[in-house]
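Worksheet: one structure, shown below.
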Amino acid sequence: MNSSYAVPAVALVVVATVLVGAFGLRVSRTTSDFYVASRTVGPRLNAAAISGEYLSAASFLGIAGLVLVQGPDMLWYPVGYTAGYLVLLLFVAAPLRRSGAYTLPDFAEARLASQAVRRLAGAFVVGVGWLYLLPQLQGAGLTLTVLTDAPDWLGGVIVAAVVTATVAAGGMRSITFVQAFQYWLKLTALLVPALFLILAWQADGAPSRAFDEPAAFREQRTVRVEDGLTLRLDRPLTVEAHGTVDGRRHAGTRLHLPAGPHRIAAGTRLTFAAGTSVPAATAHGADDALSPSRAESRTERPLYATYGLIVATFLGTMGLPHVVVRFYTSPHGVAARRTTVAVLALIGAFYLLPPVYGALGRLYAPELTLTGDADAAVLLLPGRMIGGVGGDLLGALVAGGAFAAFLSTVSGLTMAVAGVLTQDVLPTRGVRHFRLGTVLAMAVPLAASVLVGGLPVADAVGLAFAVSASSFCPLLVLGIWWRRLTPPGAAAGMLVGGGSALLAVAATMAGSPGPGAPHALLAWPALWSVPLGFLTMVLVSLATPGRVPAGTAAILARFHLPEELHTQDLSREAAAS
Amino acid sequence: MPQDPAERRVTVTGPPRRGPRPRAYYRPRTEIDEQTTLGHTYVRSLMRTQLRAALTGFAVLALLIGPLPLLFAALPGARRLEWAVLGFALYAPLVVLARWYVRRAERNERDFVRLVEDR
């Protein structure tokens, strides 16, 4: 891909982010400004900021890549990301704002008056945040590699440096401006090229084979296999091979491969004739262990996995640390609800676009399935379909948008993780320690992304959702609606639900069990770990009735009463303190 | 000490009174502020109506989404339907459902405020 436009575009996004952040810095004066923008952000600005923060690299690049490889089943990801906000609105939004909690640990402490539960919640926030940061940094690395052939780690380092500087310097207020700006940037960067791509598709006679299964090559195409892989054919395939197939060397021979698995060595070039359907493939590298779903064809992807994905994304959204923090910036509970509706509309509008790229990718770049760069489909399509200067410019726009996606999500997550580190881990509070927390929050996932490498973006994000759904969803829902929740119950539920999901994720990443039911159970833990978390929390709470915190009734009244009824309370508290 | 009468004048202040005091004592608002059993009953009733609204919304969502994977698995030929539903058609109903819930939750709160403020 021609990088002469893309690099300036990425640089422009980075500079604009720093500038908008600096504008916020001038407004951000007090500690309250710094953390929560003095709680004065109106619904519109806040909704754009929440959406800008939420639409991560997984949304911008990952969904199109997954749809390209695995077909429309993967569209459950964007549906789940959106519906997660609806569930958040139904059960959590207004009471969470009225609770006055800034982070999830604050909520746990306010509701249960227990330092132990607070620390446990803090540990899970940091864990989920790091699990979510890792793929973002890797996505940035991938983008820069595709654009400029820079080494893998460089993109992640750039994003980490810019975000650490903006967050440490300006805090939440500047982040609100940056996030709102980046939502519109991301929407434009995906919408404008998509319109041109659809025009190009129409000019091409509007072929609609993309919607059929499996994807097929439209014209003769030669694919160079970068890392070794195994083709799993469910019907015989005729292909021209340069290189090693099944241990035998070939130099341009026409091969008739029977159905079944075939090993293709690294560096082999395969030429597929027009109309050949794209075979399912598994990479030999370490990364296939990390991706439970990437290489599986439709037949091996049970209904169970789809439901696991739905549960994880629907219930996991409310526990994402960067999402919760944003609610505190609304002035009151009613505004928090209205903001959430606006967010639903904004992200719903955005998610109409990735499927377009996925479908066009299946038509015009099906070979990305085999080269393992499916996440780059969004970046490559403009050049592939339109070409020339126009294609390069549109490609540059997409690249800028992708970087905006990395910057916004990473800054939101860093903000949340740093907030927890500052309040619960580092000794004293204050802005200087918050800056130290920021550096710490970013250093760990950056080191991990440089060391681990090769994690498919959307899948890793899915794992973070599963852990969040099984630990924070029970805590929030039961904490807001159930009077008999006790600190031991909350701690046990988070440990059992979230802990088992975390272990399942770790086992999947280590690649322990092979295919079949146990693998699916571990790769999609939400379906059993969420009920397990709820059940443990309820049963242990019922077993320790003496530990219900004394002020529960008053606290629940504060969560649920409209603000106009407890203004007196608040002014009395303010006078007392 | 100077005995000038002007200096001995003292202003007495107190909480502003709205209406006759005994009547205010029986207002539900006071019950809630004072955290009496009756006050808790009011809060509980609000929580129940709000939870009912939330669960109704959640049930609609579950009925809308739940059968879809089964449907797509049962109709492996209907790939275009799956593209259209998941890629396009689901988002508008989600926003409509959210708007319905917010209206209902805000109405519940308004009714509750009217009840306890005795207006």
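Line by line, the protein sequences give chains A and G.
Mind the numbering: the first sequence is residues 1 to 577 in UniProt numbering, read in order.
Mind the numbering: the second sequence is residues 1 to 119 in UniProt numbering, read in order.
Even glycine gets a Cβ: it sits at the ideal position worked out from N, Cα and C.
Since the structure is predicted, the reported quantities are computational estimates derived from the model, not experimental observations.
Between the Cα of residue i and the Cα atoms of the options, which residue gives the shortest distance?
i, options, result
"ALA557 of chain A", "A:ARG98, A:GLY361, A:PHE406 and A:HIS322", "A:ARG98"
"LEU61 of chain A", "A:THR552, A:ALA374, A:LEU413 and A:SER471", "A:ALA374"
"PRO48 of chain A", "A:VAL341, A:ALA251 and A:ARG111", "A quick correction: the sequence has Ala, not Pro, at residue 48 of chain A. Closest option to ALA48 of chain A, Cα to Cα, is A:VAL341."
"LEU71 of chain A", "A:LEU407, A:ARG362, A:VAL444 and A:LEU503", "Residue identity check: residue 71 of chain A is Gly in the sequence provided, not Leu. When only C-alpha atoms are compared, the closest one is A:ARG362."
"GLY319 of chain A", "A:GLY358, A:GLY479 and A:HIS256", "A:GLY479"
"LEU55 of chain A", "A:LEU303, A:LEU397, A:TRP524 and A:LEU407", "A:LEU407"
"PHE91 of chain A", "A:LEU565, A:PHE559 and A:GLU564", "A:PHE559"
"THR271 of chain A", "A:GLY412, A:LEU255 and A:ALA281", "A:LEU255"
"ARG484 of chain A", "A:ILE555, A:VAL417 and A:LEU446", "A:ILE555"
"ASP111 of chain G", "G:HIS40, G:ARG99, G:THR36 and G:LEU46", "G:LEU46"
"VAL324 of chain A", "A:VAL417, A:GLN138, A:THR166 and A:ALA216", "A:VAL417"
"residue 623 of chain A", "A:ALA405, A:LEU370 and A:PRO354", "Since the first and last residues shown for chain A are 1 and 577, residue 623 of chain A lies out of range."
"TYR77 of chain A", "G:THR49, G:LEU86 and G:TYR42", "G:LEU86"
"ARG107 of chain G", "A:LEU191, A:ARG337 and A:ASP149", "A:ARG337"
"LEU436 of chain A", "A:TRP528, A:VAL87 and A:VAL167", "A:VAL167"
"VAL64 of chain A", "A:VAL356, A:PRO525, A:PHE434 and A:LEU413", "The sequence shown places Ala at residue 64 of chain A, not Val. Minimum Cα distance to ALA64 of chain A is reached at A:VAL356."
With DSSP as the reference, label residue i as helix, strand or coil.
i, result
"PHE534 of chain A", "helix"
"ALA464 of chain A", "helix"
"ALA215 of chain A", "coil"
"ALA110 of chain A", "helix"
"PRO8 of chain A", "helix"
"VAL239 of chain A", "strand"
"ILE386 of chain A", "coil"
"HIS322 of chain A", "helix"
"TYR328 of chain A", "coil"
"TRP153 of chain A", "helix"
"GLY77 of chain G", "coil"
"THR103 of chain A", "coil"
"PRO366 of chain A", "coil"
"PRO549 of chain A", "coil"
"ASP375 of chain A", "helix"
"LEU97 of chain G", "helix"
"PRO69 of chain G", "helix"
"THR470 of chain A", "Checking the sequence shown, residue 470 of chain A turns out to be Ser, not Thr. Helix."
"SER208 of chain A", "coil"
"TRP524 of chain A", "coil"
"PRO445 of chain A", "helix"
"PHE427 of chain A", "The identity of residue 427 of chain A in the sequence shown is Pro, whereas the question assumes Phe. Coil at PRO427 of chain A, not helix or strand."
"TYR357 of chain A", "helix"
"VAL92 of chain A", "coil"
"GLY285 of chain A", "Note on GLY285 of chain A: pLDDT 42, under 50, position unreliable in the model; no value is reported."
"ARG48 of chain G", "helix"
May I ask you to list the residues that DSSP assigns as paired with residue i?
i, result
"ILE264 of chain A", "A:LEU229 and A:VAL245"
"PHE272 of chain A", "A:ARG221"
"SER277 of chain A", "A:ALA216"
"THR253 of chain A", "A:ALA241"
Using a cut-off of 8 Å between C-beta atoms, extract the partners of residue i located in chain G.
i, result
"HIS560 of chain A", "VAL43, LEU46, MET47 and GLN50"
"GLU240 of chain A", "Going along chain G, no residue has its Cβ under 8 Å from GLU240 of chain A, so there is no contact; the nearest lies around 29 Å."
"PRO355 of chain A", "TRP83, LEU86, GLY87 and PHE88"
"LEU556 of chain A", "VAL43 and MET47"
"ARG338 of chain A", "VAL102"
Name the chain A residues whose beta carbon is nearer than 7 Å to that of residue i?
i, result
"PRO69 of chain G", "LEU303, THR306 and TYR307"
"ALA73 of chain G", "LEU303"
"PHE89 of chain G", "Reading off the sequence shown, one finds Ala at residue 89 of chain G, where the question assumed Phe. Under the 7 Å cutoff, chain A gives no residues; its nearest Cβ is about 10 Å from ALA89 of chain G."
"LEU86 of chain G", "PRO72, LEU75, TRP76 and VAL79"
In chain G, what lies closer than 7 Å to residue i by C-beta?
i, result
"LEU89 of chain A", "ALA98 and TYR101"
"ALA345 of chain A", "VAL95"
"TYR351 of chain A", "TYR91"
"ILE310 of chain A", "ILE65"
"VAL334 of chain A", "GLU106"
"GLY348 of chain A", "TYR91, LEU94 and VAL95"
Identify the contact partners of residue i in chain A, using a Cβ-Cβ distance below 9 Å as the criterion.
i, result
"LEU61 of chain G", "ALA83, LEU86, VAL87, LEU90 and PHE314"
Counting only Cβ pairs nearer than 9 Å, list the residues of chain G close to residue i.
i, result
"THR369 of chain A", "Those within 9 Å of THR369 of chain A in chain G number zero; the least Cβ separation is about 17 Å."
"VAL341 of chain A", "VAL95, ALA98, ARG99, TYR101 and VAL102"
So, do the stretch 393-402 of chain A and the stretch 187-204 of chain A have three or more beta carbon pairs nearer to each other than 8 Å? Yes: at least three Cβ pairs fall under 8 Å.
Does the structure place the stretch 487-495 of chain A close enough to the stretch 532-541 of chain A that three or more beta carbon pairs sit under 8 Å? Touching, per the Cβ criterion.
Below 8 Å, can you find three or more Cβ-Cβ pairs linking the stretch 77-92 of chain A to the stretch 113-120 of chain A? Cβ pair count under 8 Å is below three, so no.
The stretch 136-144 of chain A touching the stretch 386-395 of chain A, judged by at least three CB pairs closer than 8 Å: No, they do not touch.
Touching or not, the stretch 463-480 of chain A and the stretch 440-451 of chain A, by the rule of three or more beta carbon pairs under 8 Å? With contact defined as three or more Cβ pairs closer than 8 Å, the stretch 463-480 of chain A and the stretch 440-451 of chain A are not in contact.
Count the CB pairs spanning the stretch 91-101 of chain G and the stretch 52-63 of chain G that are closer than 8 Å, and state whether there are at least three. Between the stretch 91-101 of chain G and the stretch 52-63 of chain G, the count of C-beta pairs closer than 8 Å reaches three or more; the two stretches touch.
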